[in-house]
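Participant: Residue numbers (our numbering): 5 to 76.
Every residue gets a Cβ at the ideal spot worked out from N, C-alpha and C, and that includes glycine.
Nothing here was measured: the structure is a model prediction, and the numbers come from that model.
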């Protein structure tokens, strides 16, 4: 069957790590976006406080399948 996909851009953050920032974005998105298939990292940055890394921010694009109205 042929598929159609859509991508959305999200930014997750974490005080722990880049990986956790990605996981936070995907976890939150999974509550409203269904049939997620992949993600790609678009941008990575962080916030500095008092000379130390305060938290990480990662912008990702998430691809998901668009429902086929003929099958609903």
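Going along the chain, which unbroken runs of the beta strand (DSSP E) with 3 or more residues stay wholly within the stretch 17 to 70?
Facilitator: Entirely contained in the stretch 17 to 70, the beta strand (DSSP E) runs reaching 3 residues are, in chain order, 40 to 53 and 56 to 69.
Participant: Report the partner residues of residue 12 according to the DSSP bridge assignment.
Facilitator: For this step, residue 12 is matched to residue 8 along the chain shown. For residue 12, which the question treats as bridged, DSSP gives the partners 66.
Participant: On the criterion of 16 or more Cβ atoms from any shown chain inside 10 Å, does residue 16 qualify as buried, or is it exposed?
Facilitator: Position 12 of the chain shown, counted from the first residue, corresponds to residue 16. Looking at its Cβ environment, which holds 16 or more other Cβ atoms inside 10 Å, residue 16 is buried.
Participant: Select from 24, 6, 12 and 10 the residue whose C-alpha is nearest the C-alpha of residue 48.
Facilitator: Along the chain shown, one-based indexing puts residue 48 at 44. If we check each option's Cα against that of residue 48, 24 comes out closest.
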